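Worksheet for the structure shown next.
2 protein chains.
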Amino acid sequence: MISGIFQQVSDISFFFHPISVAVVGASPIPGKPSYVIMESLKTMGFSGTIYPVNPRYTSINNLRCYSSIAEIEVSIDLAVIAIPAPLVLDALKDAAKLAKGAIIISSGFGEAGNDGRKMEDGIKEIVKETGIRVMGPNCMGIYDTVSMVDTFFVPAERMGRPGKGGISILSQSGSFASIIMDELASEGMGVSRVVSYGNRVDVGESECLEFLADDKHTEAVALYMESVDDGRRFVEAAARCAKKKPVLAIKVGKREAGISAAKSHTGAMTGRYEIYRAAFRKAGIIEIDGYEGLKDACRALNIFKPVKGRKVLLITDGGGIGVRIADACEEMGLDVAALPKTLQKNLAVKFPAFYGINNPMDLTGSVTNEEYLTAIEDGLKDDYDMAIVALLWGPPRLTEGLVDRFVETIRRLKKPVLICSPGGTFTKRMNRAFEERGIPVFTSPESAARAAAVLVNTKGK
Amino acid sequence: MISGIFQQVSDISFFFHPISVAVVGASPIPGKPSYVIMESLKTMGFSGTIYPVNPRYTSINNLRCYSSIAEIEVSIDLAVIAIPAPLVLDALKDAAKLAKGAIIISSGFGEAGNDGRKMEDGIKEIVKETGIRVMGPNCMGIYDTVSMVDTFFVPAERMGRPGKGGISILSQSGSFASIIMDELASEGMGVSRVVSYGNRVDVGESECLEFLADDKHTEAVALYMESVDDGRRFVEAAARCAKKKPVLAIKVGKREAGISAAKSHTGAMTGRYEIYRAAFRKAGIIEIDGYEGLKDACRALNIFKPVKGRKVLLITDGGGIGVRIADACEEMGLDVAALPKTLQKNLAVKFPAFYGINNPMDLTGSVTNEEYLTAIEDGLKDDYDMAIVALLWGPPRLTEGLVDRFVETIRRLKKPVLICSPGGTFTKRMNRAFEERGIPVFTSPESAARAAAVLVNTKGK
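In the order they appear, the protein sequences are chains A and B. Quick note on my numbering: the first sequence kicks off at 975 and runs consecutively. Quick note on my numbering: the second sequence kicks off at 975 and runs consecutively.
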């Protein structure tokens, strides 16, 4: 046996393209998690074979329902286990005989006291003895716009499902993953693979990162971490992944209260924050400060590729907001570089004398649609790596038609253009129009600066 | 003359309850700023006398239109001047003969090069010679839900007007004030007095603070500062005001880019940030980090009074979000104090064993409406100064009826309860329901923590 020394890279790829899924505890009764899972597989259009398992029924959703996993008799990829905790061990033993992996949705394990911990140890033993791979327990499982698997058991009317996108999300917390997905969906943003592994008795972020590094459907990875499964393996996997695509992480449970909360939440020992920071740096992970930052990062990376430099051009029609964005950008380590003389001269002949042709560029309340587009096109031609456009909708000469032309410009330019539009009813309607056309809008100066910082991979001076 | 030594407290109160207003440059042509101002005075139901002034018209809005200010012949409180910059000096000279004060909306002064600066000096001379008091130029002027004056010249369809509330906002930047107002309006929040004084040749934040300190309609003051009008007077005025009500400030133009942007924006020399921080501390001002923080503060202070202690109870049905809020609260200097034994015992008999009866309190996906209310009522009875409730709408037993009961509980309790509900379509609809009932919702852990920190006046360790 040399596996202890030369660790084999495991194959967990079947979690991400299963061709057969058993739903253990499948139910035709609305409101039950397993009902939602059955419905979701239908809604998603999962094209593989579904095996409902529940001794109480003979058919569910016009599919034959099996009285036990054993009754399925053929090999399957995944068993999704959604039954009360005390029944899980027996079901998992059955599953191990014919399934490559199991997602255990059920809660009531390590997070729920001594009895739960004992059952959780039982899961670990089965994994060790049989070789079945397990996600969970106490998790939401997988939401995947490639394989069309969705085990997130919150009904669609309470939690929107994002469309196809390039971000994959790994999260110990199911609620964290759910609200990010829900928000992204409501803004028309997409995701690739989302994994909530909860108590993480077996498969965790390290193996998922190993898979995602080579996954062509994943353009960036966002991690929510309370703790780490295997520090060394994590740093290696993350470093390999970060060489190919941006890897972002938010570490929670940083301080005293957070640490004890995390412990009672997923039973995780969160460890010292400083060690995580060092590991993130070593692995090339972009550390994100909070939920807001993670959301901003997802929205930016959904449409823009990271850039090499850190020179940002700020364009606005509202002087005050421009000043605040300049501050926020510098706080995030971006370079709000002065406008080059040639660009200044070039724009001076195109714009009225009272426009502020600097960085930030203040086009004032007199701005027209045309001038905004000129400022962006000319501004991004040479020196700057990206632009933040603080587009306030007050100026009377700005019309709704600007949205389409703006979107066309953004899609044509090779450099990221982040739109920052805080405001009320009218602005929110315009923001919605941008989102419907696939362009995210950032609704505060800070939010835009955080997103820009992710694109240049800088995190403040 | 002893005024140089014993400075008299000036009276600028007529700006905030004028009984007569002249609109110089009044126009019946939609799209013109002065048209918007005339319309706004009508919409607001301003009950004083309005004198439109424009030699081209004999009547506007069924009001007699005067060919010049001089023609008005009676004393008036305010002249709102909205004409091209080169005409302003003459108009102001006329106004000085019969008006106590003028709001100069026009731009093209100190912010627009040498010629503008000369005209701005001209304004200063007129102020000095005649004693007329001036707000502006290059400003939005006043939006006031007490006096019903509104000189913000952006049409209502582009910028919503907030209803009556307790927050007064002082801002050098008109756009900053506008977007905050627009956002608050769209969320059903109110304001008291908003002043944008732009280039600030005369009346600035110090005198406004002196007025607001004693203004019974103002419960809290929020300041957006690029620079300060008179450092010593400002600290005195702010300190006096802060003894009576919370005073918040955001300082922009902190760093290099921000500083040069502010200079070209309102001609303001922003000065060293460290000096401002020291002044804020001395005056008892709560410093706010950015636009997001200012918005959060306005929303919290619109409904809740500041508290004495800093112990915060966190209640949630989503473990992960609870952990992040705990972190964010500690980062903001709040005390996420452990649950007292007696409270723990009390709740242990009311809740299932698998709920996390700690701080954060994790009511899990099994939570009911009733249990949420119990947790808040019992939790806030003794030890905690406030609560943040991270209400995620996934749990199937939470129903829309919770909103009304929640609002009733929040209004009845003597302590602040901040709701934090990030999420998509369903959540946003529930958030809207809260807002329609006058309760703000914070849509990220960080946002809720920032708001909580304002209520305890702490800004991080």
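From the three backbone atoms N, C-alpha and C, an ideal C-beta is built for every residue, glycine too. All of these numbers come straight from a predicted model, not from anything done at the bench.
Bounding residues of the alpha helix (DSSP H) (the contiguous stretch that carries residue i)
| i | result |
| --- | --- |
| Pro1428 (chain A) | The sequence given here places Val at residue 1428 (chain A); Pro does not occur at that position. Looking at the DSSP string, the run of the alpha helix (DSSP H) that includes Val1428 (chain A) is 1419 to 1430. |
| Thr1104 (chain A) | 1088 to 1104 |
| Pro1060 (chain A) | 1059 to 1072 |
| Thr1383 (chain A) | 1376 to 1386 |
| Ala1349 (chain B) | 1343 to 1353 |
| Val1209 (chain B) | 1205 to 1218 |
| Arg1406 (chain A) | 1399 to 1410 |
| Ser1180 (chain A) | 1179 to 1187 |
| Ala1322 (chain B) | 1315 to 1322 |
Residue i burial status per 10 Å Cβ neighbour count (16 or more: buried)
| i | result |
| --- | --- |
| Pro1029 (chain B) | exposed |
| Asp1095 (chain A) | exposed |
| Pro1334 (chain B) | buried |
| Asn1112 (chain B) | buried |
| Gly1398 (chain B) | buried |
| Ser1014 (chain B) | buried |
| Ser977 (chain B) | The predicted model places Ser977 (chain B) with a pLDDT of 40, which falls under 50 and marks its position as unreliable, so this point remains unresolved. |
| Leu1061 (chain A) | exposed |
| Val1048 (chain A) | exposed |
| Gly1353 (chain B) | buried |
| Ser1142 (chain A) | buried |
| Gly1084 (chain A) | buried |
| Glu1304 (chain A) | buried |
| Ser1418 (chain B) | buried |
| Lys1074 (chain A) | buried |
| Ala1044 (chain B) | exposed |
| Lys1225 (chain B) | buried |
| Gly1434 (chain B) | Only weak support exists for where Gly1434 (chain B) lies, its pLDDT of 42 falling under 50; the value from the coordinates is given anyway. By the neighbour-count rule (16 or more Cβ atoms within 10 Å), Gly1434 (chain B) is not buried but exposed. |
| Arg1273 (chain B) | buried |
| Glu1179 (chain A) | buried |
Collapsed DSSP secondary structure at residue i in the structure displayed
| i | result |
| --- | --- |
| Arg1246 (chain A) | coil |
| Ile1224 (chain B) | strand |
| Met1133 (chain A) | coil |
| Val1391 (chain B) | strand |
| Lys1016 (chain B) | helix |
| Ser1145 (chain A) | strand |
| Lys1285 (chain A) | strand |
| Ala1364 (chain A) | strand |
| Pro1007 (chain A) | helix |
| Glu1045 (chain B) | helix |
| Glu1193 (chain B) | coil |
| Arg1174 (chain A) | coil |
| Val1123 (chain A) | coil |
| Val1415 (chain B) | strand |
| Glu1261 (chain A) | strand |
| Lys1138 (chain B) | strand |
| Gly1267 (chain A) | helix |
| Arg1167 (chain A) | strand |
| Ile976 (chain A) | With a pLDDT of only 39 at Ile976 (chain A), under the threshold of 50, the placement of this residue in the model should not be trusted; the figure read from the coordinates follows. Of the three classes helix, strand and coil, the one that applies to Ile976 (chain A) here is coil, per DSSP. |
| Gly1022 (chain B) | coil |
| Ile1078 (chain A) | strand |
| Ala996 (chain B) | strand |
| Gly1162 (chain B) | coil |
Whole-angstrom C-beta distance between residue j and residue i, which should lie under 8 Å
| i | j | result |
| --- | --- | --- |
| Gly1164 (chain B) | Pro1136 (chain B) | 5 Å |
| Val1209 (chain B) | Ala1257 (chain B) | 5 Å |
| Ile1295 (chain B) | Ala1364 (chain B) | 5 Å |
| Ile927 (chain B) | Val1054 (chain B) | With chain B running from 975 to 1435 in the structure shown, residue 927 (chain B) is simply not present. |
| Glu1345 (chain B) | Phe1325 (chain B) | 6 Å |
| Ile1097 (chain A) | Leu1052 (chain A) | Not really, about 16 Å apart at Cβ, beyond 8 Å. |
| Ile1079 (chain A) | Pro1007 (chain A) | 6 Å |
Residue range of the beta strand (DSSP E) that includes residue i
| i | result |
| --- | --- |
| Ile1295 (chain B) | No beta strand (DSSP E) contains Ile1295 (chain B), which is instead part of the alpha helix (DSSP H) from 1293 to 1305. |
| Asp1118 (chain A) | 1115 to 1118 |
| Arg1052 (chain B) | What sits at residue 1052 (chain B) in the sequence shown is Leu, not Arg. Segment 1050 to 1055, the beta strand (DSSP E) holding Leu1052 (chain B). |
| Val1310 (chain B) | Where Val1310 (chain B) is concerned, there is no enclosing beta strand (DSSP E), given that its DSSP letter is neither H nor E. |
Heavy atom of the ligand ADP within 8 Å of residue i beta-carbon
| i | result |
| --- | --- |
| Met1199 (chain B) | No copy of the ligand ADP appears in this structure; indeed no ligand is present at all. |
Contact set between residue i and chain D, taken where Cβ atoms lie within less than 7 Å
| i | result |
| --- | --- |
| Arg1132 (chain B) | The structure shown contains no chain D; its protein chains are A and B. |
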